[in-house]
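Here the sequence shown is numbered in the working numbering, starting from 1133 and rising by one per residue. Virtual Cβ for every residue (Gly too), placed ideally from N, Cα, C. Predicted, not measured: the structure shown is a model, and the values here were computed from it.
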Amino acid sequence: MATARKKAATTNEQTGEAKPGLRVLKKYPNRRLYDTQTSSYITLADVKRMVLDGVDFEVHDAKTQEDLTRAILLQIILEEETGGVPMFSTASLAQIIRFYGHAMQGVMGGLLERQMQAFTDMQQRFTEQTPGMPFTPEAWTGLMGALPTQVAEQSKTLMNQWQEQLKNAGAMFPFGVPPGSKKP
């Protein structure tokens, strides 16, 4: 699956060349995207198709070489959310915004990523256990009726584990008391 990665993880830091197998797209100031593998201009719909096909890629600014992968993926999500059936409710988008700048921002990103991976794994296992069964969006909706309960239980378990880790860290490093000072 295409993922936004740190530039150092996907390119040779000395030469700036992409690692083998990584498809590099260049974004030009005129907003056009250029696929260096096919030597042709592509659209956001083509990039979306790459994501759906599991192609590993990065998008770089043609002039500065800045990694723009996340921005392009967010642009695709924005287009998907404004057309058709949105995935996120207004309330969930507002809640996501509230986490920016909050101490829990980093934790929430990891939690969402793990939850999405757990959902993907569950969906894959289900598909493997029912070979040859055609799945329409309606069929998935019906079959996944119990999934919100399972996801909620898994989220609760992950949160309890995280809280336990915080308690253990608090016992080792009491918050609010500078090292070497006495408790009031």
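With DSSP as the reference, please indicate the residues paired to residue i in a beta bridge.
i            : result
residue 1172 : 1167
residue 1190 : 1156
residue 1199 : 1192
Measure the CB-CB distance between residue i and residue j and report whether it falls below 9 Å.
i            : j            : result
residue 1329 : residue 1154 : It is not possible to answer for residue 1329, since the shown part of the chain is limited to 1133 through 1316.
residue 1204 : residue 1191 : yes
residue 1193 : residue 1159 : yes
residue 1212 : residue 1219 : yes
residue 1243 : residue 1290 : yes
residue 1201 : residue 1189 : yes
residue 1152 : residue 1195 : no
From what residue to what residue does the alpha helix (DSSP H) around residue i run?
i            : result
residue 1220 : Residue 1220 -> no alpha helix (DSSP H), and no H or E assigned at all.
residue 1253 : 1237-1261
Return the Cβ separation of residue i and residue j in integer angstroms, given the expectation that the two are a contact with Cβ distance under 8 Å.
i            : j            : result
residue 1250 : residue 1227 : Incorrect: roughly 20 Å between the Cβ atoms, too far for contact.
residue 1164 : residue 1173 : 5 Å
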